[in-house]
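Residue numbers (the working numbering), protein chains in the order written: chain A, 10 to 349; chain B, 120 to 362.
Backbone N, C-alpha and C fix where the C-beta goes; we use that ideal spot for every residue, glycine too.
Note that the structure is a prediction, hence the values are computed from the model and not measured.
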């Protein structure tokens with residue numbers, strides 16, 4: 010017997026071809042969904058869709074970008090539908106590359122990694138501007154987005170976390186929010202476990218992940234979020250609100266993909282402090298029981314004493330945020346969704 | 120008429136040794152002349168502070184009376200040692216300050232140099248001059264993300280305090296009403312009137328309100344100060360009218 014077992018193992022290893030392995034994987038996943046598999050699938054779909062959209066660009070055209078602000082006002086000749094504000098910053102100064110979190114293209118908030126479409130005037134925003142409210146909201150939205158990443162990656166495969174949505178950013182409320190069905194059963198997260206979640210978010214700032222924006226048709230989005238019952242229900246309503254009526258915007262950071270109308274900040278390296286503060290149970294009229302996960306974050310550019318952060322802001326962020334509870338609206342009504 | 124706060128006391132200004140009042144006046148005229156010419160001068164603080172009122176007065180008269188007024192012209196002739204500045208005063212500065220509501224000059228203290236003369240120095244300047252500003256513009260930090268978060272926390276804290284105070288008042292109110300009801304009840308028993316219950320309730324309402332107000336005064340600083348101050352001032356007013 011002692012010799013038989015390794016023999017069997019060897020037999021299995023040799024005979025199990027790649028196709029067979031995939032079959033087993035699929036058979037297993039049909040029994041129980043895991044977040045890791047779903048994320049992998051989304052990334053593949055995202056890559057395929059991005060490649061398709063890049064294939065549509067057959068001819069490179071030039072546009073004129075006029076930069077306003079420090080260190081100098083200049084005009085750049087860039088590529089239409091290819092060059093992003095980040096590329097312009099690379100031409101001008103390294104400081105603009107690292108600290109700019111958002112751009113204003115013709116006065117409109119524009120992601121750092123979103124290609125520019127026509128001749129335009131470009132301005133870069135950072136967190137110490139005189140009036141950084143637009144950027145603050147983008148930062149808060151990004152933190153909610155990253156909270157989705159934390160929730161999907163933190164737990165073991167036996168817990169399938171389904172993200173629902175997050176309300177519009179409200180910085181003065183003291184916390185950013187993600188409403189999700191954590192499916193943890195009776196498990197109440199302790200302070201130590203919340204700290205572990207915080208650390209996952211905090212570590213992303215070292216990973217320096219770029220937040221990429223992509224507009225995808227409804228069919229692709231439906232395929233991407235087929236495994237998430239909340240998102241699948243929302244997609245048609247979000248698409249109906251969009252300009253073309255049949256497209257939704259998705260964002261990607263690393264292997265995390267989520268729906269968001271944007272804009273988000275340029276990179277996760279601009280998130281300095283990140284803490285997950287509390288999990289509250291909430292009840293949505295259409296989505297049923299959800300968990301409201303709340304957090305607090307500060308940009309790398311802004312510093313704060315630990316006493317202020319830990320004894321004033323964090324306890325406040327742990328109180329239940331009174332932002333709107335996610336509700337699915339009818340297509341006929343087409344009211345604005347609280348989500349995204 | 121001066122448009123800024125100024126100490127109305129004479130002070131000794133050391134100009135040159137044994138120059139006396141005449142030397143002081145000469146120095147003042149020099150500074151006023153320099154101010155009108157260069158729009159920014161840097162004498163010692165005492166001299167700048169003293170010369171400021173003469174410059175302000177001169178500008179005020181020039182704006183008020185114009186260049187057809189003989190006395191104003193004499194004043195300009197006296198204070199401006201260089202006579203081409205009379206034209207500048209009436210042709211440039213008067214139009215500039217025509218609709219000014221505040222004073223026409225600024226005085227900034229400078230740091231004391233060491234080693235140096237030992238006299239504190241100052242910058243005296245005309246407002247609206249073409250030089251770069253003495254005090255740099257302060258950045259508005261209200262909308263920094265950290266400050267928005269802290270402002271929210273501050274607002275929450277004050278709201279919670281306010282709520283706690285209101286709750287305390289509400290708790291005190293029923294207790295006092297009970298006390299009043301008890302005392303008036305005993306009185307009514309003594310008098311033994313037929314409508315005792317009605318009188319008891321009315322008396323508790325009437326006397327209950329001022330007592331709560333008194334409690335307000337002892338607890339809320341703002342309310343106390345407002346009421347007591349107004350009362351005090353009223354009484355003094357009456358006294359004055361009686362006199």
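Within the 8 Å Cβ cut-off, does residue 258 of chain B reach chain A? yes
Following the continuous alpha helix (DSSP H) through residue 193 of chain B, name the residue where it begins and the one where it ends. 189-198
Backbone secondary structure at residue 222 of chain B - three-state DSSP: coil
Based on the DSSP output, what are the partners of residue 226 of chain A in its beta bridges? A:256
Short check: CB of residue 200 of chain B to CB of residue 149 of chain B, under 8 Å? yes
Local Cβ density within 10 Å of residue 182 of chain B, reported as buried at 16 or more and exposed below that: buried
Any residues in the segment 130-151 of chain A with a beta carbon nearer than 9 Å to a beta carbon of chain B? Which ones, in chain order? 136, 137, 138, 139, 140, 141, 142, 144, 145, 148 and 149
Touch test, the segment 242-250 of chain A against the segment 180-200 of chain A, Cβ-Cβ under 8 Å, three pairs minimum: no
Quick check on DSSP: helix, strand or coil for residue 276 of chain B? helix
Looking only at its own chain, which residues have a Cβ that is under 7 Å from the Cβ of residue 166 of chain B, when we skip the five neighbours before and after it? 132, 146 and 150
Can you list the residues of chain B that residue 321 of chain A reaches, using a CB-CB cut of under 8 Å? 269 and 272
Which residues of chain A have a Cβ atom closer than 7 Å to the Cβ of residue 265 of chain B, listed in chain order? 307, 311 and 313
Reduced DSSP secondary structure (H/G/I, E/B, other) of residue 228 of chain B: strand
Would you call the CB atoms of residue 265 of chain B and residue 63 of chain A closer than 8 Å? no
For residue 173 of chain B, would you say it is in contact with chain A, using Cβ-to-Cβ distances shorter than 8 Å as the test? no
Would residue 3 of chain A and residue 147 of chain A qualify as a contact pair, given that the criterion is a beta-carbon distance under 8 Å? Nothing about residue 3 of chain A can be read from this structure; chain A reaches only from 10 to 349.
So residue 325 of chain A contacts chain B; which residues on that side make the cut at Cβ distance below 7 Å? 272 and 275
Locate the alpha helix (DSSP H) running through residue 289 of chain A, then write down its first and last residues. Note, residue 289 of chain A: premise wrong, no alpha helix (DSSP H); beta strand (DSSP E) at 280-293.
Cutoff 8 Å: residue 157 of chain B Cβ touching any chain A Cβ: no
Where residue 309 of chain A falls: helix, strand or coil (DSSP): coil
Is the shortest distance between the beta-carbon of residue 186 of chain A and the beta-carbons of chain B less than 8 Å? no
Would you say the segment 258-277 of chain A touches the segment 285-292 of chain A, given that touching needs at least three Cβ pairs under 8 Å? no
From the DSSP output, in three-state form, read off residue 110 of chain A for me. coil
Beta-carbon neighbours of residue 181 of chain A, restricted to chain B and to distances below 9 Å: 267, 268, 270, 271 and 274
Spatial distance of residue 203 of chain B from residue 115 of chain A (CA atoms): 51 Å
Between which two residues does the beta strand (DSSP E) harbouring residue 266 of chain A extend? 265-268
Could you check where the alpha helix (DSSP H) with residue 62 of chain A kicks off and where it finishes? 44-64
Would you mind working out which of A:226, A:239 and A:218 sits nearest residue 338 of chain A, comparing C-alpha positions? A:239
Buried or exposed: where does residue 138 of chain A fall if 16 or more other Cβ atoms within 10 Å of its Cβ makes it buried? buried
Kindly indicate which residue of B:269, B:164 and B:280 has the alpha-carbon position closest to the one of residue 225 of chain B. B:164
Would you check if the segment 254-263 of chain A and the segment 193-200 of chain A touch, i.e. whether three or more CB-CB distances between them fall below 8 Å? no
In this structure, does DSSP put residue 324 of chain A in helix, strand or coil? helix
Would residue 127 of chain B count as contacting chain A if we go by Cβ distances under 8 Å? no
Kindly identify the DSSP beta-bridge partner or partners of residue 332 of chain A. According to DSSP, which records beta bridges pairwise, residue 332 of chain A is partnered with nothing at all.
Would DSSP call residue 204 of chain B helix, strand or coil? helix
Backbone CA spacing between residue 319 of chain A and residue 326 of chain A [nearest angstrom]: 10 Å
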